[in-house]
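Below is one structure; the comments refer to it alone.
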Amino acid sequence: MTCSHSVTAPNTPSTRVSFLLQIFRRILKSFSVSVLGVLMIAGTVVANDDFKPGDQLPPFSKLISTDRTEWNSSRFDDAQVLIIAFTCNRCPYSVDYEDRLNLLHRKYVKSGGQVRLLVINSNAGRDESLERMAERVKREQFEFRYVKDADQSVARSVGAVYTPEFFVFDEERRLVYKGALDDATNADDAETHYVNDAVAAILAGTPVETTAAGARGCTIRFKRRRPRRTP
């Protein structure tokens, strides 16, 4: 059996060393890119065990939506269920889920029920500014409320790490579910709908069976916190 693409190693000692170094660099570069891709894109574990099902939603305020209105946690006091979804403008996973966010809004919020949905962008970066968010709302025809967590305090307080990542809270604003919306990146392949199941359980007054499932997406880009200098 022959190979149409072969590589012949040089014969002299110096050129052989150079040749081996080139091969090693290629392998190292390929390995580094693969690891980075796994760390930045394919998050498949439940994030941050510090904020767990049963914990209370920390109050938040001064979130600004793309229509320049201000939102805080007290505006959802009349809701039996609150869904908080973290997303962003640029993550390909988040883009894939935009239609499903519209569907969530239609199913729960637009129908006038006791479920509310708040979609938050906590990402740092020029492409994640409120102005860019407003452009995306108009271009992609978002039906849901899209707000900016400018100081990233909401994401930090609930331990959000990925986009998209979902948090479902009951009437007492205790966390009952965190993680992925469903079990497949492709909407047509989804068989288990974690968020919908959690909401249905709360409305029916029954226990939520699945309280956490690994989120799939890009990691939230947090601002670097520099330690304070002591005098």
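As numbered in the numbering used here, residues 303 to 533 make up the sequence shown, in order.
All C-beta atoms, glycine included, are put in the ideal place defined by N, C-alpha and C.
{"Asked": "Buried or exposed (CB count within 10 angstroms, at least 16 for buried), D490", "Found": "exposed"}
{"Asked": "Length of the line joining the Cα atoms of R402 and F378", "Found": "22 Å"}
{"Asked": "Residues that E372 bridges to, as DSSP identifies them", "Found": "I366"}
{"Asked": "Assumed close pair R523, A452 - CB separation to whole angstroms, cut-off 8 Å", "Found": "Contact flag wrong, Cβ pair sits at about 13 Å."}
{"Asked": "Per-residue burial, N488 [other beta carbons within 10 Å of its own, 16 or more giving buried]", "Found": "exposed"}
{"Asked": "Expected contact under 8 Å - CB spacing of T389 and V411 to nearest Å", "Found": "So it is not a contact: roughly 16 Å between Cβ atoms."}
{"Asked": "Contact check, L432 vs K409, beta carbons under 8 Å", "Found": "no"}
{"Asked": "Short Cβ contact (8 Å threshold) for V456 with A500", "Found": "no"}
{"Asked": "One or two residues paired with N423 in a DSSP bridge", "Found": "T389 and K450"}
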